[in-house]
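Peer 1:
Protein chains in written order, with my numbering: chain A, 18 to 129; chain B, 87 to 197.
1) Have a look at A:34, A:51 and A:124 and flag the residue whose alpha-carbon is nearest the alpha-carbon of residue 87 of chain A.
2) Going by other Cβ atoms of all chains shown within 10 Å of its Cβ, with 16 needed for buried, is residue 170 of chain B buried or exposed?
3) Would you please verify whether the beta carbon of residue 186 of chain B is less than 8 Å from any beta carbon of chain A?
4) Go to residue 147 of chain B, then tell me how far its beta strand (DSSP E) extends in each direction, as first and last residue.
5) So, are the CB atoms of residue 42 of chain A and residue 21 of chain A less than 8 Å apart?
6) Mind checking residue 179 of chain B: buried by the 16 CB within 10 Å criterion, or exposed?
7) Is the beta carbon of residue 95 of chain A closer than 8 Å to that of residue 79 of chain A?
8) Sort out for me which residues DSSP pairs residue 129 of chain B with in a bridge.
9) Give a yes or no on whether the C-beta atoms belonging to residue 116 of chain B and residue 183 of chain B are separated by under 8 Å.
10) Within this structure, are the beta carbons of residue 135 of chain B and residue 155 of chain B separated by less than 8 Å?
11) Spatial neighbours of residue 147 of chain B within its chain, please: CB distance less than 7 Å, with the 5 preceding and 5 following residues excluded, ordered by chain position.
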């Protein structure tokens with residue numbers, strides 16, 4: 018089983034619509050969870066951390082379900098600029114400096 | 087906003103040649119990393135570096151790879167004898183402990 022698994026998409030989303038997608042992780046001891054955004058041939062950029070209680074940052078909402086070992090990202094009122102690949106990222110332990118494990122990404126295409 | 091700077095942005099090399107990829111991390115960061123991304127695949131961890139030594143490395147990071155912090159500002163990844171399958175985007179990252187900033191990457195093409 019892959020450490021971090023994502024639906025590769027693409028999710029074709031009309032502008033203004035809501036899109037949501039999940040990611041599953043295999044290591045139940047994982048401590049930290051993130052969503053990164055990656056534009057074509059660019060570096061990953063942190064979108065948001067994911068907290069146990071769920072958290073929101075503007076149009077973006079992230080949820081964590083430890084029992085089922087998945088995290089989710091919901092994008093409301095999609096903008097054309099939201100078109101990107103969204104990377105689910107897990108850090109196995111809380112130790113400072115620990116590596117990140119990336120999923121393969123979910124591609125989102127927002128269309129007018 | 088502070089940046090992680092990587093040079094060159096694109097490097098083409100012949101199979102079997104040595105390459106050195108360079109990174110200037112953010113100045114007050116303590117942890118340094120190299121990741122790679124083969125075209126169309128996921129970002130993969132290579133190595134982390136703290137307190138002037140490797141703190142963790144993946145199975146990808148075999149004897150042909152090495153890292154160095156030759157002075158107070160640069161952090162380098164050396165690939166001793168490049169193979170075709172080393173062609174990838176190589177990302178340097180640095181962090182204070184929690185959280186990372188990635189550089190814009192070096193695209194390595196081995197021909």
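For glycine and all other residues, C-beta sits at the position ideal for the given N, C-alpha and C.
Being a predicted model, the structure only gives us computed values, none of them experimental.
Peer 2: Taking the definition as stated:
1) Within the first chain, numbered from 1, the residue matching residue 87 of chain A stands at position 70. Comparing alpha carbon positions, the residue from A:34, A:51 and A:124 closest to residue 87 of chain A is A:51.
2) The residue labelled residue 170 of chain B in the question sits at position 84 within the second chain. Result: exposed.
3) Taking the second chain and counting its residues from 1, one reaches residue 186 of chain B at position 100. Residue contact check for residue 186 of chain B against chain A: a CB pair falls below 8 Å.
4) Walking along the second chain from the start, residue 147 of chain B turns up at place 61. First-last for residue 147 of chain B: undefined, no H or E at that position.
5) Stepping through the first chain from its first residue, residue 42 of chain A is reached at position 25. Stepping through the first chain from its first residue, residue 21 of chain A is reached at position 4. Yes. Within cutoff.
6) As a first step, residue 179 of chain B is located in the second chain; it is residue number 93 there, counting from the start. Residue environment analysis places residue 179 of chain B among the buried positions, since at least 16 neighbouring C-beta atoms fall within 10 angstroms of its C-beta.
7) Translated into the one-based positions of the first chain, residue 79 of chain A becomes position 62. Translated into the one-based positions of the first chain, residue 95 of chain A becomes position 78. Taking 8 Å as the Cβ cut-off, residue 79 of chain A and residue 95 of chain A do not qualify as a contacting pair.
8) Locating residue 129 of chain B in the second chain gives position 43, where the first residue counts as 1. BP columns for residue 129 of chain B point to B:123.
9) On the second chain, residue 116 of chain B is found 30 positions in, with the first residue counted as 1. On the second chain, residue 183 of chain B is found 97 positions in, with the first residue counted as 1. Yes. Within cutoff.
10) For this step, residue 135 of chain B is matched to residue 49 along the second chain. For this step, residue 155 of chain B is matched to residue 69 along the second chain. Residue 155 of chain B is positioned such that its CB atom lies closer than 8 Å to that of residue 135 of chain B.
11) Position 61 of the second chain, counted from the start, is the residue given in the question as residue 147 of chain B. Around residue 147 of chain B: 132 and 133.
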